[in-house]
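Participant: The listed protein sequences correspond, in order, to chains B and Z. Following the numbering used here, the numbering of the first sequence begins with 1 at its first residue and continues without gaps. Following the numbering used here, the numbering of the second sequence begins with 1001 at its first residue and continues without gaps. C-beta atoms are modelled at their ideal positions from N, C-alpha and C, and glycine is treated no differently.
2 protein chains.
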Amino acid sequence: MSPDQSAQDELKGKLTLVGLGPGDVKHITPAALDALTDADVIIGYGAYLQQIAELVDQTRVQEFPMGKEQERALESLRLALEGMKVAVVTGGDAGIYDMAAPVFELIAEMEPDDRSLVDVAVVPGITAANMAASIVGSPLAQDHAVISLSDRFVPWEQIEKRLDAVAGADMVVALYEPSSRHRPGQLGKAQEVLLRHRTSETPVAVAREATRADESVDVTILGQMTELAHDKRTVIIVGNSKTVSVTDWMITPRAY
Amino acid sequence: MSPDQSAQDELKGKLTLVGLGPGDVKHITPAALDALTDADVIIGYGAYLQQIAELVDQTRVQEFPMGKEQERALESLRLALEGMKVAVVTGGDAGIYDMAAPVFELIAEMEPDDRSLVDVAVVPGITAANMAASIVGSPLAQDHAVISLSDRFVPWEQIEKRLDAVAGADMVVALYEPSSRHRPGQLGKAQEVLLRHRTSETPVAVAREATRADESVDVTILGQMTELAHDKRTVIIVGNSKTVSVTDWMITPRAY
Chain B
1 MSPDQSAQDE
11 LKGKLTLVGL
21 GPGDVKHITP
31 AALDALTDAD
41 VIIGYGAYLQ
51 QIAELVDQTR
61 VQEFPMGKEQ
71 ERALESLRLA
81 LEGMKVAVVT
91 GGDAGIYDMA
101 APVFELIAEM
111 EPDDRSLVDV
121 AVVPGITAAN
131 MAASIVGSPL
141 AQDHAVISLS
151 DRFVPWEQIE
161 KRLDAVAGAD
171 MVVALYEPSS
181 RHRPGQLGKA
191 QEVLLRHRTS
201 ETPVAVAREA
211 TRADESVDVT
221 ILGQMTELAH
231 DKRTVIIVGN
241 SKTVSVTDWM
251 ITPRAY
Chain Z
1001 MSPDQSAQDE
1011 LKGKLTLVGL
1021 GPGDVKHITP
1031 AALDALTDAD
1041 VIIGYGAYLQ
1051 QIAELVDQTR
1061 VQEFPMGKEQ
1071 ERALESLRLA
1081 LEGMKVAVVT
1091 GGDAGIYDMA
1101 APVFELIAEM
1111 EPDDRSLVDV
1121 AVVPGITAAN
1131 MAASIVGSPL
1141 AQDHAVISLS
1151 DRFVPWEQIE
1161 KRLDAVAGAD
1171 MVVALYEPSS
1181 RHRPGQLGKA
1191 QEVLLRHRTS
1201 ETPVAVAREA
1211 TRADESVDVT
1221 ILGQMTELAH
1231 DKRTVIIVGN
1241 SKTVSVTDWM
1251 ITPRAY
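Following this line, the structure appears as C-alpha cells:
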C-alpha cells in the first residue's frame, strides 16, 4: 500500500453494526465492546443504549427513537461519509431483523464509487432465538426456521405460506415479533397454520425479555401458546413432531 | 431455602454447555468465559480446546476425539453427578447441531428424581450462520431456515423435503455441514433442489473457517456454489429471490 493510500484509509469513515445480544452485558462479546470503544459516535434506540450505559462514554452517544430505522441508517451513513467512526448498536444480532438491513439497502443504492468511501462492518451478537433456546434446553438442535410474524415488510399471505411450508416439512420454528399493539391477532393465526401439521401437545417455549430483570421464559404447548403474555420482543419456539418436554426443558432429539 | 437445602445445592454437580462462537476469542462472551473459569473440568474436542488454550488452566482440560459426542455427553454427565462442575465446550452455539442435543437426550432418559441431582445450563454462543452472515452483509435480514446436509441423523429424503419446502416459500437458507469425506455429493444434490425454485444467479455466500487464520468467505451464485471448496465446517447461505449481490456484499432486503 502506498503512503498516500494508507493516509487516505486513516481518514476514511467507518460504520460498524454492533449486535449487543439479548440484554445482559455478560452476553456482549469483546469484539462488540471493541467496536464501541473505537467509535467516535454510538447510535441506537434508547433501550439498547441503556444496556451499555456503564460501558461507554455517554458524550459519544446519540439516541434515536424506536421504529425510525431508516432515519438511523441514513444519519449513521452520513456521519461515516464525513469521516467519523460510527457504531450502530442493536439488540441481539444486527443482521437478524435489525439495522443491518436498512444500512445495506442504502449501500446497495449508492453509486459504486461512493461505496469505497466508507468501511462497513458487522459484529455479530447472540440472537434472541439462540438465547431463548439456551434457557429451555435444546429445542433448536435440529433443522429450524426463523420467521417474523410482523407484516410490516412481508405480506401476511407470504408469512402464512412460510409457516405452512416449514411446519409441513416438520422443522422447528422460531417466531420473532409474534405481536404488537398494531397486530394483536397474528400469533393466533400462526397457531392455526401450525396446527394443520402438529398436534396441540407440541412443546412450545415462550421467551420474553430473556436475561433482563423482567425475564419470563415458559415451556407450554402449541394449543395453549397464545395464552401466555407475548409482545414485539418475545421469541416463541415451536418444536417439531419429535420435540419433547421434560420437567422444565424443551428437547429436540438429533435423530429423526 | 433451609440451610440444609442450601448446603445440598453447594455440593450439587453442575453441567454447563458453553458455546465458544466461531473461533476468534474476540467472539467468546463474558458469560462463556465465566462458565470456563468456574468449572472443575473442561471437556471438549481438541480444536475447541485449542481455541481457549490461553484462557484456561490446562490441568482442568479433558480432550475427547471428534465424533464421540455420545461418549463426551455420558462422561460429562457422570462427572457432574459425582458433584463436579463440568463445562462442555463447543464451537458456535452448543444448541445448534452440537453437544446440547446428546446431553439433553440423556437427561430425557434419566429417572425424574435423578434429574434434580445435577444443575444443567447452556451458555449461548455466536453461531456459524450469524458469523458468516456478518462477514458478507445482511443475507439473513429476513425469514430464513437453517438446514444440515448431514444424513447421519436425518434421512436424505427428509432433508430434501425441507430444502424444497423452504425454497418453495422463498426463504433464505443457511446450510450446515454441506459435505464431509463420507458424503461428497450432498451439496450438488441440494443445489438441484434449490434450483427448482431459484435462478442460478441467486447470490450465495460460502464461509469456511470464518474468523480463523485460514478463513475464506466468498459471495458466489447458486449455479456455481459447488465449485468453491467446502467441508464439514463450512456454512453456505443461499439468498431468496430478492437477495442481491453488491460489490462483495450479499444483501437481503426487508421488504418482500
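Which residue comes first and which comes last in the alpha helix (DSSP H) that contains Z/S1116?
Facilitator: Residue mapping note: residue 1116 of chain Z aligns to position 116 of the second sequence, counting from 1. Note, Z/S1116: premise wrong, no alpha helix (DSSP H); not H, not E.
Participant: Per DSSP, what kind of secondary structure is B/K85 in: helix, strand or coil?
Facilitator: Residue mapping note: residue 85 of chain B aligns to position 85 of the first sequence, counting from 1. Looking at B/K85 - three-state DSSP - the assignment turns out to be strand.
Participant: Here's a check: name, in chain order, each residue in its chain whose Cβ is nearer than 7 Å to the Cβ of B/L55, leaving out the five neighbours to either side.
Facilitator: Residue numbering aside, residue 55 of chain B sits at position 55 when the first sequence is read from its first letter. The residues are V25, L33, L36.
Participant: So which residues of chain B does Z/T1037 contact, with C-beta pairs closer than 7 Å?
Facilitator: Translated into the one-based positions of the second sequence, residue 1037 of chain Z becomes position 37. Per Cβ cutoff of 7 Å: no residues; Z/T1037 is ~12 Å from chain B at best.
Participant: Identify whether B/R208 lies in helix, strand or coil by the three-state DSSP scheme.
Facilitator: For the purposes of this step, residue 208 of chain B is taken as residue 208 along the first sequence, with counting starting at 1. If DSSP states are grouped into helix, strand and coil, B/R208 belongs with the strands.
Participant: I want to know whether the stretch 1124 to 1139 of chain Z touches the stretch 1169 to 1186 of chain Z - three or more CB-CB distances under 8 Å.
Facilitator: Yes, the stretch 1124 to 1139 of chain Z touches the stretch 1169 to 1186 of chain Z.
Participant: Span of the beta strand (DSSP E) holding B/Q62?
Facilitator: Taking the first sequence and counting its residues from 1, the one referred to as residue 62 of chain B is at position 62. Here the beta strand (DSSP E) through B/Q62 covers 61 to 64.
Participant: For the stretch 144 to 158 of chain B, which residues have a beta carbon sitting closer than 9 Å to at least one beta carbon of chain Z?
Facilitator: Against chain Z - using a Cβ distance shorter than 9 Å - the residues of the stretch 144 to 158 of chain B are H144, A145, V146, I147, S148, R152, F153, V154, P155, Q158.
Participant: Which residues of chain C have a Cβ atom closer than 8 Å to the Cβ of B/Y256, listed in chain order?
Facilitator: Of the protein chains in the structure, B and Z, none is chain C.
Participant: With DSSP as the reference, identify every bridge partner of B/M250, one or two as the case may be.
Facilitator: Your numbering for residue 250 of chain B matches position 250 in the first sequence. For B/M250, which the question treats as bridged, DSSP gives the partners B/G137, B/S245.
Participant: Could you check whether the stretch 82 to 90 of chain B touches the stretch 44 to 51 of chain B, counting it as contact only if at least three pairs of C-beta atoms, one from each stretch, sit closer than 8 Å?
Facilitator: They touch, by the three-pair rule.
Participant: In angstroms with no decimal places, state the Cα-to-Cα distance between B/V61 and B/R72.
Facilitator: As a first step, residue 61 of chain B must be located in the first sequence, where it is residue number 61. As a first step, residue 72 of chain B must be located in the first sequence, where it is residue number 72. If you take the alpha carbons of B/V61 and B/R72, they lie about 13 Å apart.
Participant: By the 10 Å Cβ neighbour count, where 16 or more other Cβ atoms means buried, how is Z/E1192 classified, buried or exposed?
Facilitator: Along the second sequence, read from residue 1 onward, the residue named residue 1192 of chain Z stands at position 192. It counts as exposed.
Participant: Grouping DSSP H, G and I as helix and E and B as strand, with all else coil, what is Z/V1154?
Facilitator: Residue mapping note: residue 1154 of chain Z aligns to position 154 of the second sequence, counting from 1. Coil.
Participant: Would Z/T1059 pass as a contact of Z/G1092 if the rule is Cβ separation under 8 Å?
Facilitator: Position 59 of the second sequence, counted from the first residue, corresponds to residue 1059 of chain Z. Position 92 of the second sequence, counted from the first residue, corresponds to residue 1092 of chain Z. No. Outside cutoff.
Participant: Smallest Cα separation from Z/P1203: which of Z/D1231, Z/R1181, Z/I1237?
Facilitator: Against the second sequence, residue 1203 of chain Z aligns to sequence position 203. That would be Z/I1237, whose Cα lies nearest to the Cα of Z/P1203.
Participant: In three-state DSSP terms, what is B/A128?
Facilitator: Start at 1 with the first residue of the first sequence, and residue 128 of chain B comes out as number 128. B/A128: helix per DSSP, three-state reduction.
Participant: Cutting at 8 Å between CB atoms, please list the residues of its own chain near Z/R1115, excluding the five before and the five after it.
Facilitator: Taking the second sequence and counting its residues from 1, one reaches residue 1115 of chain Z at position 115. So the qualifying residues of the chain are I1107.
Participant: Nearest chain Z C-beta to B/V217 closer than 8 Å, yes or no?
Facilitator: Stepping through the first sequence from its first residue, residue 217 of chain B is reached at position 217. Chain Z contact via Cβ: absent.
Participant: If I measure Cβ to Cβ from Z/M1001 and keep anything under 7 Å in the same chain, skipping five residues before and after, which residues do I get?
Facilitator: Along the second sequence, read from residue 1 onward, the residue named residue 1001 of chain Z stands at position 1. Unreliable positioning characterises Z/M1001 in this predicted model, as indicated by a pLDDT of 47, which lies under 50. A coordinate reading is not provided.
Participant: Here's the rule: buried if 16 or more other CB atoms are within 10 angstroms of the residue's CB, otherwise exposed. What is Z/G1021?
Facilitator: Taking the first residue of the second sequence as position 1, residue 1021 of chain Z is located at position 21. Buried.
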